[in-house]
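Notes for the one structure printed next.
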Amino acid sequence: ILANAELGGGLLTRPARSGATVAHVAAFNSRVDVLDWMAHERVEHFGILSTVRNDGCTIAHMAAATGSIVVLQWILSTPSLGPDMLMRQTNSGKTVAHAAASNNRLEVLEWISDTRVLGNALLETARNDGWTIAHEAAAAGHT
137 ILANAELGGG
147 LLTRPARSGA
157 TVAHVAAFNS
167 RVDVLDWMAH
177 ERVEHFGILS
187 TVRNDGCTIA
197 HMAAATGSIV
207 VLQWILSTPS
217 LGPDMLMRQT
227 NSGKTVAHAA
237 ASNNRLEVLE
247 WISDTRVLGN
257 ALLETARNDG
267 WTIAHEAAAA
277 GHT
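Residue numbers (this note's numbering): 137 to 279.
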């Protein structure tokens with residue numbers, strides 16, 4: 137698609153109405169190969185990997201919601217993203233830990249806990265309305 141002069145980067149960088157980009161879709165579907173390709177091809181000069189949806193959701197939130205530790209590890213190890221991307225909060229204050237808790241992704245919460253640059257500080261971060269990961273889990277029926 138990128139090589140097609142008529143389509144080019146515009147098709148790859150055009151967001152959906154929600155603000156989701158192809159990077160959000162790749163992260164949601166655990167396609168680290170696609171994200172890595174974007175990071176190393178001409179696509180990334182558009183800033184697609186760091187683009188947030190209208191609600192402030194990042195590719196990290198998408199990966200956490202689906203339990204994709206491989207994408208979260210890739211984000212952590214990518215210099216242009218790193219821990220800053222993993223610590224970002226949505227417009228309502230949700231963290232990747234909130235996304236994981238509301239989707240019963242215990243393995244992601246354990247990975248966050250075991251990752252020194254994230255750890256308990258991220259797990260203890262509350263949303264703007266005060267909800268913690270415990271509130272998220274309870275609201276979704278997870279114990």
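In this text, a Cβ means the ideal position worked out from N, Cα and C, and glycines have one as well.
Q. Which value, in whole angstroms, describes the spacing of the CA atoms of L242 and G155?
A. Translated into positions along the sequence shown, residue 242 becomes position 106. Translated into positions along the sequence shown, residue 155 becomes position 19. If you take the alpha carbons of L242 and G155, they lie about 27 Å apart.
(Q) Does W173 come out as helix, strand or coil in the three-state DSSP assignment? (A) For this step, residue 173 is matched to residue 37 along the sequence shown. Note: W173 maps to helix in three-state DSSP.
Q.
Quick check: V282 and A200, are their CB atoms within less than 8 Å of each other?
A. Only positions 137 to 279 of the chain appear in the structure, and residue 282 is not among them; the question remains open.
Q: My understanding is that A262 touches G229, with C-beta atoms under 8 Å, so please give their C-beta distance in whole angstroms.
A: Against the sequence shown, residue 262 aligns to sequence position 126. Against the sequence shown, residue 229 aligns to sequence position 93. Yes, A262 and G229 are in contact; Cβ-Cβ is about 7 Å, under 8 Å.
Q | Between the CA atoms of H160 and E272 - distance to the nearest angstrom | A | Counting from one through the sequence shown, the residue named residue 272 turns up at place 136. Counting from one through the sequence shown, the residue named residue 160 turns up at place 24. Roughly 22 Å between the two C-alpha positions.
**Q.** Sub-8 Å separation of T224 and T194 beta-carbons
**A.** On the sequence shown, position 88 is the one that residue 224 refers to. On the sequence shown, position 58 is the one that residue 194 refers to. The residue asked about is misnamed: residue 224 is Arg in this sequence, not Thr. Yes; because the gap between Cβ atoms is below 8 Å, this pair is in contact.
Q: Report the three-state DSSP secondary structure of Q209 (helix, strand or coil).
A: On the sequence shown, residue 209 is found 73 positions in, with the first residue counted as 1. Of the three classes helix, strand and coil, the one that applies to Q209 here is helix, per DSSP.
Q) Out of curiosity, what's the CA-to-CA distance linking L222 and V207? A) As a working note, residue 222 is residue 86 in the sequence shown. As a working note, residue 207 is residue 71 in the sequence shown. Straight-line Cα distance between these residues: approximately 11 Å.
Q: Identify, in the order they occur along the chain, each residue of the same chain with its Cβ nearer than 6 Å to the Cβ of N264, setting aside the five sequence neighbours on each side.
A: Taking the first residue of the sequence shown as 1, we reach residue 264 at position 128. The answer, listed in chain order, is S228 and G229.
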